[in-house]
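Enquirer: A single structure is presented below for examination.
Numbering (my numbering), first residue to last: 360 to 551.
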């Protein structure tokens, strides 16, 4: 049986990176400053920018459509360095975060705060509603994202593995189509 636990201790950001580095053999003999990549959800902290890669598909969580409008869908896409695939973790309360798309500055959102399985997930202007808040459940080096308002998890629809597969909410099962690698992404440089 796989057990999950909520993220804790986010205020100890540097200690989190040190612990994560010590747990990854690739860091042996290297500096204990923030590593270039890491896939431990517990190492991510408030304000960090992440890229989420589906375990089952190897594709990145991405904003579809034009990428900057309300209701642009969340879908799987080939991984790039585009900001439509970068999400800032913004701590809200009680272990819940908003995932804010870096390119559009909009939040991951469940359509109409639906409680129903198969409800669409897209981006929407950020607010304080629970349908924009997510807890990140740790499955070792993998993350499962659970919506606060419904208790349902972010899910690649029909266990899709192709680019364009939409993201929905679905009962949490720990299936591979609900698990993501949570990797730090470098935020874009400000335009001058």
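No residue lacks a Cβ here, since even glycine has one placed at the ideal position from N, Cα and C.
Can you check which of these residues, 543, 507, 407 and 500, is closest to residue 535 by C-alpha distance?
Expert: It is 500.
Enquirer: Locate the beta strand (DSSP E) running through residue 444, then write down its first and last residues.
Expert: Residue 444 -> no beta strand (DSSP E), and no H or E assigned at all.
Enquirer: Using DSSP bridges, identify the partner residues of residue 455.
Expert: According to DSSP, residue 455 bridges with 452.
Enquirer: Can residue 481 and residue 460 be called in contact, C-beta distance under 7 Å?
Expert: Not in contact: residue 481 and residue 460 (Cβ atoms no closer than 7 Å).
Enquirer: With three or more beta-carbon pairs closer than 8 Å as the criterion, would you say the segment 450 to 458 touches the segment 472 to 479?
Expert: The segment 450 to 458, when compared against the segment 472 to 479, does not touch it at the 8 Å Cβ threshold.
Enquirer: Can you check whether the CB of residue 505 is closer than 7 Å to the CB of residue 494?
Expert: In contact: residue 494 and residue 505 (Cβ atoms closer than 7 Å).
Enquirer: From which residue to which residue does the beta strand (DSSP E) around residue 501 run?
Expert: From DSSP, the beta strand (DSSP E) with residue 501 extends over 501 to 506.
Enquirer: Is the separation between the beta-carbon of residue 537 and that of residue 491 shorter than 7 Å?
Expert: Not in contact: residue 537 and residue 491 (Cβ atoms no closer than 7 Å).
Enquirer: Does the beta-carbon of residue 417 have 16 or more other beta-carbons within 10 angstroms, so that it is buried, or is it exposed?
Expert: With fewer than 16 Cβ atoms within 10 Å of its Cβ, residue 417 is classed as exposed.
Enquirer: Give every residue of the same chain whose Cβ lies closer than 8 Å to the Cβ of residue 419, excluding the five residues on either side of it in the sequence, and list them in chain order.
Expert: Around residue 419: 410, 411, 412, 413, 435, 436, 437, 438, 439 and 444.
Enquirer: Measuring straight from C-alpha to C-alpha, what distance separates residue 521 and residue 415?
Expert: Their Cα atoms are separated by approximately 10 Å.
Enquirer: Alpha carbon to alpha carbon, how far is residue 545 from residue 532? Give it in angstroms, no decimals.
Expert: Approximately 31 Å, taken between the alpha carbons.
Enquirer: When DSSP labels each residue in this structure, what does residue 463 get in the three-state scheme?
Expert: Three-state result, residue 463: coil.
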